[in-house]
Structure formats: structure tokens, C-alpha cells
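Notes follow once the structure below has been shown.
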């Protein structure tokens, strides 16, 4: 057979397998023989095949699944193993079965025609659809403004890579599947070396002409460059758009769908195999070349079976090994089910040649170094006409021993399987017997037999208090008082009722019996309660015999139950330890990567957990975010059953093949090669160029920030020069809170009125104290303190002059502020808001900063009205002028005051947000609460006293998002087009952009739970009947909601904050804090 004939045959086989996969997906039929029969009957026409299967299923009930015959040799490595269904997901949202069938038939007819015309399979076209949509969305995102979602941070330092931190991949539009697969393969060091050292043809004559090679080589070019950037880039994450663009250009399609990870991995390895096949054919020296991709990812298994009484044995190649999830609790159970099909005892029977039974076993003859399991978590719901996700729990180990599935251990494994089968039969029998003890009875309600006997014992031991159960009711006195008392007693709880009085019942209660011990139940009614059922006719001898029998029977039942439970536990241990001997632990495979899917069948998000073998830790790769993780987190997100997230693909590596994860060594020095040293020369230069561009971007940003800071300084100095009589300082707008607020120019304040106010305050200070003095005077806390200090220094000023008076007033004010800072700060009374120096003292600002700030306040031009204050002001200004530039760092001074201004703005922000939240204006409140939390977090990162209570702010931020989500969901449920649009707009513009803020700190469990609640609310709509337009809108919206990226995306700008006086800010903030609940809810 020629090479061309071999290629055509393989291509035909793959096409036939693609048709089988399509029929299986569309019809939900797993019977391979039935599918092949439908294809033969329709002469390869998929539309007719669908009709054939649909009519056949309608005429007859579904029969028992048959097992396909594998006796003929096949070179197709992508066959479905056993009866496993291909898990490619198709999006069928319509409910009308006739319309659905017509749409399917038309789609299959078009795909079949496209394959005949172009040679491109439907599987390749499916990948093209998502790639084209991804590129389109990525290009559109470049045109978005900063205020919209998906934009990169303007500050390049937010995109700068931390030292030794792995590089992330940007999601360029529904490409989380691409990131998860590429990161998993990149972290296989052997695979990384193969890609980086791939040599592209340089001679024009070597450029391939066929379509596959024209596709693969450009992709390899971009993949090499992408891997090189992931090795040594200075960026936190890199953009894979060029590689995605190559994939998009390869196939032509216009539809949009979320891509499937296993399907993409399957196709990616196919392309890589083709690319390396060209290279190996060029390097061959007379012997058959080895393709490194085949050697790395493909293995072989032996199918041994019986089909209609005929034995067959066939060796086949496999790549990703598909496993069914439904009905199994762990990975070994899935593998056992995939490796054994049918009635296997017929394979080993002596008279098997005459047996009509069918079955087969799979035995691995060669396992690949990288073993990938594809977990089938999607199944097609024929009733609803769409795929559904299987969410139940499936456990898998970190180390998987494959010995029991190897052909070399066939005989010993069969013996062990037979022993396990026998033990499980015995186990089932014991469990059924135990169930009869624990669920005794023949009616709908069943109880433990030991409890039933105990109840019977208690009944037999009880003594009747009346001759009839209704005597005490029928003979009750008819007077109103007694009736009322009886009614009240009957309506009260049993514990509130005492024993019946002699006048209220015809019989006298017997003496109290001792309480019978009840090991299984505590349902015995206390003896002081009203009459309970009891036997009325029983002799002492009968009671003694019955009590003895019941007691003996209960002890026997308890003993039998304990023996059964111990036997069941022993059997479980025996089964678990069946494969733990050393002979069956020689082929260890260690878990390398877990690809996780969160969401439903037709919408969701992918990320990967990848083991860092050198640091022995798990890392989470979620698009641009790469964070440290743990096995506990991996279990929670990957096993399933906990939420909508579960593992979809498992990648194990042979633990004995250390070259897979070993670093590369320098041949001359023997040192480990890292970073740029691992790259070929052409890639080194490529990465250096990209790093130079990024460094230039950083430099431009620094220059821009320096220019901006210089402009701010110039504005400050200009403001200072324009102010009349003001000393050289940094007042102006930065220090507005230091001055007396006034609607007029401070220089035009009526000096007489102010003088009288100050004089009055000073006089009343001496007579009635400072509180009374300032009670009727509306001054800022800063000005109040200055006036009180000057008044307190009045005697010193009169006796020793202005200089001594100034020092006395300065010392008095400083001491007052220190005492104020030492007081406990509460939510309702935050002294930091009242005075900037209190904030500085709380946060241990330098003493020079505090002294200068206080001098600025004594030099306030508002004190320029009477002789005493004017003298103190002049001395303070003189002191300011004497301060040399070296004594106080003005940049640090300005930084502290900018920080305090930020603290006040953040306080105003959270205050307005909480006020709006209490008014249920959640749309307006959200932006204030979001920005307040971010400002507060930035302040708290510098010190614990620089902001407000983070937990409280986090709680109301979370509550506001939950309220908005609830409101938007209610609008969506209404079904009204206008309300649906309003609800989705709220989610897209307000809620979704804020979700990364809740996910960025994964230690905050309440935020993560809140996000899960929001997502689960919307995912719950997928299984409900709704209009087609609502289904489309939901499908478009869910990928955005389920995007688990922790990239902080831009959201709405904060509205301009109004200007608050210190009095107003303190009063309103105290009022809103006092109105809050003292114990926040849990955020759900």
C-alpha cells in the first residue's frame, strides 16, 4: 500500500468515526451496531441515519445495549473505548421535536457536504466557531473604553510579573478552555522542551503544500513564541490571540459556542502529532521514525472478547481515555467498568466456542508517559432535547496504580476480580440482612427492630391510669371555671402540665414507676405527663414472661446488628486492600493536572489545578490569575457534588519517568538551566524584544506619573502664592479640613463678630467649662481646640507675653489631642474624623509632621481678628518660617495629608453608600460601597488604624450585590421583555464587573459563598422551560457570570462626592453607624 493510500484510508476511517460520534450525540444512542446499521442503511447520509434511528426508537422500546465487534484491525486511535459515549457537547435548546429533527438533519447535511468539498470535519468546524467568536470579541474589547469590562489595567505595574511567579494567559473571549489546556501542557517540562526546540523549515522548498501542514506549521510558530513568553516574560500574563487567530483562520464557521476541553485537547494533540510527523520523516535514517507526540501521549490496549460465540483479540491505540462518571463513586470504579464489558465469564469458559454470549476485556499493553482521562460529565437529555451536566461526586487519588489494568497482570487481576465479585455478593447479602434489622416493618414507615422491641417493652411495663382513654374527658365537671382550666391544661405543652388532680379524673394515678433505660431511643413520655397507652388486662406472671422475652430478644437483635456491621466493615477493608500488595503497586501514575469546569452543559468556565513538582504544591491557573492552592481546595472544586464545579479531565504522569518534569542541565557546567537560558537563540531575542517594549511602557508610565505629580505641586504652590498673608505651606485644597469653613472669603469675615465670639467662648470657658463655651458656637473641631487652648493660656499670655502664651496654648492643645487619641474609637464616635492630628497619632506619624500640622492650625488666617489671637498667629507663622527644608520632608508631609484626605473621602463614600442601602437604593449604593471598600483596603494595607472595619464594609458590599442579584433575577423571571432587559443590564453593568473583587481574596469564605449563591440562582434556570428569546439571552449572559477570573476589571466611576464640613461628616457618619445592626448576617 502506498503512503497516499494509507493516508486516504486513515482519513476515511476518521471520517466514519466522526459520523458515528455525531449520530451518538444527536440521538443519545450508545449501541455501536445500531449506529453502524443506520449508517449502512442510509449509505452514509447522516440526515437519513437520524431519521432511521428516530423512527426505530419510536416504534420499539430501547433494547439492551449490544457490544460492538472489534475483531477487525483499525488504525483509528480516537475510537470510543467500550460503550463509552463521546462527550462532545452540542447545543440543542429547542423543545419542538419535529423542528429539532429538521434542524439536526439540515445541520448534518451541511456538515457532510462541507467535508466532501473541503476535507474539513465537523469537529474541526466546531472548534473554528468558538475561535472566530473569541477573536471577534477580543478585537471588540480593544475598542472598549476604560469604564467597560474586559479592559486591561491602565497601570502597567498591575500587569507586571512578580518574581518567579508563573505567567497567566489572558482570556480573549470564551477561551478559558484554551488557557486550561495550554497551561497543563506547558508545565510538562518535556513537552515544553519539545515545543521550544521545534525547528521550523527555513528553506522555501521545504514549505509544505498540503492543507494540514500549512495549518500546523504557523500554529507551531505561534505556540513556540507563546511558550517562550510564558517562560521569561516580565508580564504577569500574556496574550494568546495570535495562536488563537491561527486556529480560527484554519476553519471557517460563524456560530458561537463554548468550547469543550477534551475536544480541544484531542484536536490539539492531533495537530502536534502531524507537525512532529513531518519533522521525524525528515530525520529518518532507514528505520521507522518515532513521533515524540505519539510516544508521549499515546498508548496501546488489547481488546480480548467474545462476540456471538467467536473469540477475538485486537490491539488498538488510544490517546485520551474516556470514562463514564454516572453511577460510580471513584476513578477505579470508572476504570473497572470501562475495562470489563459484558459477561466476561464466557471468555474463560471451556465451552465458550459454543456460547452465544458476548463480552470483552481491555488490557493495557503500553501506557503512555502522560495518561489523560476524559470524564464524561455531560449526557444528552432526549426529553428536553439538550445536553445536561452530571454533578455528582467522583473521587480520584493523587497517585494512581495502574497494575491491575495491565495485560501482564491479566491472570492475577482476573483472580482478584473474581474474589472481589464473590466478596461483594457476600457484602450485598449482609447489607440486605442488616437492612431488615434497621428498617423493620411491612408498612410505609419502618423502624429499627431494637427500637420496636424497646417500645413494646415500654408499653407492656406501663400501668393504665384510667379504665377508658376518654373517661377523664367525658366526666369532667361542666362548670365554666373547670372547663376553662381543663382547656388551658390541654392546650399547654406536656412539660407544663402536672399530674391530674383527684377531682379532675375518676381514678387515682398509681405510684410512679422507675424509668426504663432506652439505649436506642429517647422518645419515652415522662411519667408526670398525662395518660399514655398501656395494657389494661395483664397479669403479673404474663408481664414478667413478656418483659423477659422482649428484653432477651432486644439483646439478641442488638448483638446480631453489631455482628453484621463488623462483618460488613471487614469486607470493605478486605476489598479496599485487595490491590495493595507490592506486586500490584509497580506502575504508579502521579496526578499532574486537573481541568475543572464550572457551570452547566451549554455554559461555563474552565480553569486548571497543576502540581508544582519541584515545590510539591498545587497551583491554580485561572486565566491571568495564577495562585497557590491546596489539595483540599482541589478536592472541593474537582470531585463534584459540592457545587456546579467538577473535574472534566485528569492528567496523570508516570512517576518513574522523571524526565517528564526534570529541569534541563547545562552540558558543560552541569548547572540547572532556568528562565531565558532554556530558550533557543531565536526565542531569546523575541522575548527580549517583548520585555523591552514592556519596560518602555513602564518608563512611560513613570514619566507620566512624575509629570502629573509635578503639575499637582505647581498647582499647590500657585494656590499658596495667591493666598494673602498665608505662610509658605502646603495648605490650599489639600488641607481644606484645617480651616474654618465659610461660604465667604475668609479674609472678609466680620472681625468684630468673630472677636466677640472668641471673647465670649473664652469667658464662658473660665466660668462654665469648654463644653458650655462652644455649645452655641458652630466651629470645626480644629478651630474649637485652638480657641479653647488660647483661652486656657489667657493668664500666661497676660503675665508673660505672647511667646509664653503661644507655648502654653500649643502644649495644651497637643496634650488634649493625645488624650483624644488614647480614647477608644467606636463606629459611632470616631475621633480620627474630628482632627487630623488624632489620625496621625493613631498611625504613628513622624513627630515633625505632627508638630508642623499643629503649627499650621495655629497660623490659620481665621485667627486674625483680636490682639491675643493675632499675636499667637504671628508667632506660629514665624515658627513655620524658621523650619528648615531639611528638618521636615515636605513630600512625606504632603503624602500624610493626602492619605488623611483619602480617609475622609472614603468615610464619606461609605456613609453615602450605607444611607442609600438603608433606603433600598441598591443600584446607587453599590458604587459607593465598592469604591469605599477598595479605598479602605488600600489604607488598611499601610496600617490597621488607617481605615474602618473591613469586615463590616465587606458585609454590606456583599449584601448589596446579593440584593441586586435577587432583584435582577426577579425581573428575569417575570418574562416581560423590558424587565428582562433591565435585569440583565443590572447584572452586566453592576454585578458581574464586581464579582472578581469578591473572588480575589479566596480566604474570604463568605464572599465565595455569596458568588456561588448568585451563580446557582441563574444556573437553576437552565433546566426550566422558557421562551426561546429568554433562553438565548440566558446562554449569552451565563459565560460572563461564570467567568472565574480574578482579574480586577474596570467598573463605573464613583460619582463626585459632595463637600462636607467636619461637623456634618461626623454627625451623619455617627448616625448611620448607630442605625446598623450590631451583628451582621452571614452574607447569604
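Numbering (our numbering), first residue to last: 74 to 1157.
For each residue, glycine too, the CB sits at the ideal point set by N, CA and C.
Inter-residue spacing [alpha-carbon to alpha-carbon] between residue 725 and residue 319: 29 Å
Among 301, 1030 and 1082, nearest to residue 999 - alpha-carbon criterion: 1030
Distance between residue 1105 and residue 162 (C-alpha atoms, nearest Å): For residue 162, the predicted model reports a pLDDT of 37, less than 50, meaning its position is unreliable; a value from the coordinates is still stated below. Each residue's Cα considered, the two are about 17 Å apart.
From 894, 528, 479 and 867, residue whose alpha carbon lies closest to that of residue 659: 479
Counterpart residues of residue 461 in DSSP-defined beta bridges: 452
Helix, strand or coil at residue 387 according to DSSP, with G and I counted as helix: strand
Min CB distance residue 946 to chain D below 8 Å: Within the model displayed, chain D is absent; a lone protein chain is all it includes.
CB of residue 262 within 8 Å of CB of residue 442, strictly: no
Cα-Cα separation between residue 639 and residue 632, rounded to whole angstroms: 11 Å
N- and C-terminal bounds of the alpha helix (DSSP H) containing residue 983: 963-991
Local Cβ density within 10 Å of residue 738, reported as buried at 16 or more and exposed below that: exposed
Cβ pair residue 475, residue 662 closer than 8 Å: yes
Cβ distance (whole Å) where residue 1056 is taken to contact residue 1041 below 8 Å: 4 Å
Residues near residue 922 in its chain [Cβ-Cβ closer than 8 Å; skip 5 each side]: 913, 961, 965, 966 and 969
Whole beta strand (DSSP E) elements within the stretch 601-682, 3-residue minimum: 661-673
Neighbour-count burial assignment, residue 949, 16 or more Cβ in a 10 Å radius: buried
Member of 433, 766 and 718 whose CA lies at the smallest distance from the CA of residue 306: 766
Completely contained alpha helix (DSSP H) runs for the stretch 987-1040, where each covers 4 or more residues: 995-1013
C-beta contact flag for residue 301 and residue 694 at 8 Å: no
Validate contact between the stretch 435-455 and the stretch 363-371 using beta carbons, cut 8 Å, 3 pairs: yes
Simplified DSSP assignment, three categories, for residue 242: strand
Cβ neighbours of residue 1016 in the same chain (closer than 6 Å, five flanking residues each side left out): 916
The stretch 610-630 / the stretch 684-702 touching (three or more Cβ pairs under 8 Å): no
Integer Cβ distance of residue 449 from residue 398, believed to fall under 8 Å: 6 Å
Limits of the beta strand (DSSP E) - the one that residue 258 falls within: First-last for residue 258: 249-259, but that is the alpha helix (DSSP H), not the beta strand (DSSP E).
CB of residue 697 within 8 Å of CB of residue 310, strictly: yes
Residues bridged to residue 396 (per DSSP): 448
C-alpha gap between residue 264 and residue 727, whole angstroms: 14 Å
Completely contained alpha helix (DSSP H) runs for the stretch 860-906, where each covers 4 or more residues: 867-873 and 875-895
CB of residue 1012 within 8 Å of CB of residue 1145, strictly: no
Closest Cα partner of residue 531 within the set 384, 607 and 469: 607
Residues of its chain near residue 293, where Cβ-Cβ distance is below 6 Å and the 5 sequence neighbours each way are ignored: 271 and 348
Per-residue DSSP class, three states only, for residue 577: In this prediction, residue 577 scores a pLDDT of 41, lower than 50, which makes its location untrustworthy; the coordinate-derived value is nonetheless stated afterwards. Residue 577 falls in the helix class under three-state DSSP.
Run of the beta strand (DSSP E) containing residue 375, from where it starts to where it stops: 372-380
Proximity to residue 505 [Cα-Cα], best of 637, 628, 387 and 614: 637
Local conformation of residue 414 per DSSP, three classes: strand
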